[in-house]
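Q:
In UniProt numbering, the protein residues as written are 1 to 75.
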């Protein structure tokens, strides 16, 4: 849906690497850190767009619009 993909198939539950191995490598559950960050960032942007579109209409920069909305509510 958001263009997310993993380089390796997900592993079955209970087959996670030991904690030491997780700390020493940037990969976890088949995705590297930059890929997980990209997926989270895209999801956040879509979520903000959905929330803001119901209140104020479409915005080219949903993060900026969300901050503007917070400022208005604080005042």
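For each residue, glycine too, the CB sits at the ideal point set by N, CA and C.
1) Could you tell me the distance, in whole angstroms, from the CA atom of residue 46 to the CA atom of residue 62?
2) Output the distance between the C-alpha atoms of residue 6 and residue 71, rounded to the nearest integer angstrom.
3) Express the C-alpha separation of residue 69 and residue 42 in angstroms, rounding to a whole number.
4) Taking only three categories from DSSP, how would you classify residue 61?
5) Look at the alpha carbon of residue 73 and the alpha carbon of residue 34, and state the distance between them as a whole number of angstroms.
A: On the basis of the data shown:
1) In this structure, the alpha-carbon of residue 46 lies about 8 Å from that of residue 62.
2) Note that residue 6 has pLDDT 46, beneath the 50 cutoff, so the model's placement of it is unreliable and no number is given.
3) C-alpha of residue 42 to C-alpha of residue 69: approximately 20 Å in a straight line.
4) Residue 61 falls in the coil class under three-state DSSP.
5) Residue 73 and residue 34 have their C-alpha atoms roughly 34 Å apart.
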